[in-house]
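**Q** Sharing a structure with you now.
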Amino acid sequence: MSYDLAVWEGERPADDKVAGRVFNDLYDRYLDGEPEPSSERIKAYVTTLLERWCDITADEEETSPWSVGPLIDSASGPLIYFGMSWSMAEEASAYAATLAASMGLVCFDVQLDRLRS
């Protein structure tokens, strides 16, 4: 089991309820169907996350927070939906949310069904 976040390109939804609908629509379109190449902004986001913590596939010391890898495989089009281990979720999700905001991306906490910033 992992702690999951979703990050996407687009306007920040007005509230958590709208964000949940946007997330579900994006999930259905980009992750439930045929995957699409990741957008350049999502690729840049993933690259920056991996500068902080290595990909789980390259983690020999078990210090990566990501629950699956390669991390970029969790992305499709303008969306990435990724999990973190519970033991590192607080630190990693805070960093991921702050990074998303700094890059003009929307971050949605799937566990809490709310926007992050």
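Each number in this note's numbering comes from the position in the sequence shown (counting from 1) with 1136 added on.
Glycine included, each C-beta is placed from N, C-alpha and C at the ideal position.
Identify every residue that forms a DSSP beta bridge with C1243.
**A** For this step, residue 1243 is matched to residue 107 along the sequence shown. According to DSSP, which records beta bridges pairwise, C1243 is partnered with V1143 and R1252.
**Q** Around the Cβ of S1174, are there at least 16 other Cβ atoms within 10 angstroms (buried) or fewer (exposed)?
**A** Taking the sequence shown and counting its residues from 1, the one referred to as residue 1174 is at position 38. Buried.
**Q** Roughly how many angstroms lie between the CA atoms of L1162 and P1214, to the nearest whole one?
**A** Along the sequence shown, one-based indexing puts residue 1162 at 26. Along the sequence shown, one-based indexing puts residue 1214 at 78. So the alpha carbons of these two residues sit roughly 8 Å apart.
**Q** If contact is defined by three or more beta carbon pairs under 8 Å, each pair taking one atom from either stretch, is the stretch 1200–1212 in contact with the stretch 1165–1174?
**A** They touch, by the three-pair rule.
**Q** Taking its Cβ as the centre, do 16 or more other Cβ atoms sit within 10 Å of R1252, making it buried, or is it exposed?
**A** Translated into positions along the sequence shown, residue 1252 becomes position 116. Buried, because 16 or more other Cβ atoms sit within 10 Å of the Cβ of R1252.
**Q** Looking only at its chain, what residues have a beta carbon closer than 6 Å to the beta carbon of D1140, apart from the 5 residues adjacent to it on each side?
**A** Counting from 1 along the sequence shown, the entry for residue 1140 is found at position 4. If we look at D1140 and ignore the five residues flanking it on each side, its Cβ neighbours are G1219 and V1246.
**Q** Expressed to the nearest angstrom, what Euclidean distance is found between the alpha-carbon atoms of T1183 and A1155?
**A** By 1-based counting over the sequence shown, the position of residue 1183 is 47. By 1-based counting over the sequence shown, the position of residue 1155 is 19. Near 25 Å, if we compare the C-alpha coordinates of A1155 and T1183.
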